[in-house]
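Heads up, the thing below is written out as structure tokens.
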């Protein structure tokens, strides 16, 4: 009998996460992107369950970096720096940049520069709007009559110039003419990879299930098929179906465009008369933009789920399915994006291939593993 505990890399990542309060710190100039790109990026990170610090208070030029911002940077595993047109006009942003790069140099702090409609060379050489901003800081420094304050500003300017050059030399992302939605999705996936974030689930220890784990993992990574793959994990209650699904989901959910683990579906449906509506809303919020509206018609949610999974490579786990109505409400009848993977845990062997999805021309590849 062997205890499965093979995710040593994730274990170190987990302990690292516990040592930090945040996964990501966002440095940005509010006047440029607070109500547009940065807000959308922040919402996408939060939706992806990535703990993110964003300060939405403006600060007057000349003020020092707030202690709580300095603490937040040091307590974060990574920083996203949104280098926009007016970024360098803020001494606050420049101080953040200096501290972020110091953290990058002396620790494993990940830095992701975003060139938001600015040229990297303008950042590197302090040209265009970045040159104008640094000229203004220089004029303010030269106009300072207090020798101590003037010396302090001169030292800061030297650090700011070096930091702008250094950040422009790092591997960054340039939005240019790309759609912001796709660009933000790419940033989120990069953060998952760089921080080795897989899931907030605590990995269960599985005893004697090595063969099942290997089978499901191999199935999950098999991209040879051009149609959606559905895997049914079959077994009686207490046999480890949910634990097995949760284990592989924790390790591999970040490899997909989006994912959702819906646990205890039958129980939730039995507990509430509108339990399926709650489940559908959870699934929709996980795989598409969260919606504050609660619909009262399950067919609306089914249509929303069908639309979302048609556009993205999705990983779904539907845990504890007991009726065809549950599957039909959660899977619909339309085709999915290539590469999508769906795990269904159930006690009933006949359920999956009896649902409405399998009665259409589009028939997903289907496999079964027993626990």
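Residue numbers (the working numbering): 7 to 377. For each residue, glycine too, the CB sits at the ideal point set by N, CA and C.
Asked                                                                                                                                                                 : Found
When you compare each of 307, 363, 337, 84 to residue 31 by their alpha carbons, which one comes out closest?                                                         : 84
What are the residues that DSSP puts in a beta bridge with residue 31?                                                                                                : 59, 85
Following the continuous alpha helix (DSSP H) through residue 96, name the residue where it begins and the one where it ends.                                         : Taken as a continuous stretch (DSSP letters only), residue 96 belongs to no alpha helix (DSSP H), as it is neither H nor E.
Taking the continuous alpha helix (DSSP H) assigned at residue 73, which residues delimit it?                                                                         : 73–80
For residue 47, report the span of its alpha helix (DSSP H) as first-last.                                                                                            : 43–53
Under 8 Å: do the stretch 244–251 and the stretch 319–336 share three or more Cβ pairs, one atom per stretch?                                                         : yes
Tell me the rounded alpha-carbon separation between residue 300 and residue 287.                                                                                      : 7 Å
Decide if residue 366 is buried, meaning its Cβ has at least 16 other Cβ atoms within 10 Å, or exposed.                                                               : exposed
Out of 278, 109, 57, 40, which one is the CA nearest neighbour of residue 197?                                                                                        : 57
Below 8 Å between beta carbons: does that hold for residue 120 and residue 86?                                                                                        : yes
Among 144, 285, 55, 139, which has the Cα closest to the Cα of residue 96?                                                                                            : 139
Grab me the residues of residue 65's own chain with a C-beta within less than 7 Å of its C-beta, minus the 5 sequence neighbours each way, in chain order.            : Low confidence applies to residue 65: its pLDDT is 45, below 50, so where it sits in the model is not reliable, and the reading given next is rough at best. Cβ neighbours of residue 65 beyond the five flanking positions: 98.
If you draw a straight line from the C-alpha of residue 115 to the C-alpha of residue 279, how long is it?                                                            : 48 Å
From 45, 29, 28, 27, pick the residue whose C-alpha is nearest to that of residue 35; which is it?                                                                    : 45
Answer yes or no: do residue 117 and residue 110 have a C-beta to C-beta separation smaller than 8 Å?                                                                 : yes
Exposed or buried, what is residue 332 when buried is set at 16 or more other beta-carbons lying within 10 Å of its beta-carbon?                                      : buried
I'd like the list of long-range same chain contacts for residue 76, defined as Cβ closer than 7 Å, with 5 residues on each side in sequence excluded.                 : 105
Which of the three DSSP states is assigned to residue 112 in this structure?                                                                                          : helix
With a 10 Å radius around its C-beta and 16 neighbouring C-beta atoms as the bar for buried, classify residue 344 as buried or exposed.                               : exposed
Compute the beta-carbon to beta-carbon distance between residue 347 and residue 263, rounded to the nearest angstrom, for a pair I have assumed lies under 8 Å.       : Not confirmed; about 11 Å, so no contact.
Verify whether the separation of the beta carbon atoms of residue 350 and residue 358 is less than 8 Å.                                                               : yes
Is residue 375 helix, strand or coil when you go by DSSP?                                                                                                             : strand
Can you find the residues in the same chain that come closer than 7 Å, C-beta to C-beta, to residue 61, ignoring five residues on each side of it along the sequence? : 75
In angstroms with no decimal places, state the Cα-to-Cα distance between residue 67 and residue 38.                                                                   : In this predicted model, residue 67 has a pLDDT of only 46, less than 50, meaning its place in the structure is not dependable enough to derive any value.
Residue 358 by DSSP, collapsed to three states: which one?                                                                                                            : helix
Quick check on residue 187: does DSSP put it in helix, strand or coil?                                                                                                : helix
Can you tell me which of 179, 185, 149 puts its alpha carbon nearest to the alpha carbon of residue 90?                                                               : 179
Any idea what DSSP makes of residue 226, helix, strand or coil?                                                                                                       : helix
According to DSSP, simplified to helix, strand and coil, what is residue 37?                                                                                          : helix
Could you check if residue 252 is buried or exposed, using at least 16 other CB atoms within 10 Å of its CB as the buried criterion?                                  : buried
Just curious, the alpha helix (DSSP H) that residue 292 is in, first and last residue?                                                                                : 281–293
Put residue 119 into one of helix, strand or coil per three-state DSSP.                                                                                               : strand
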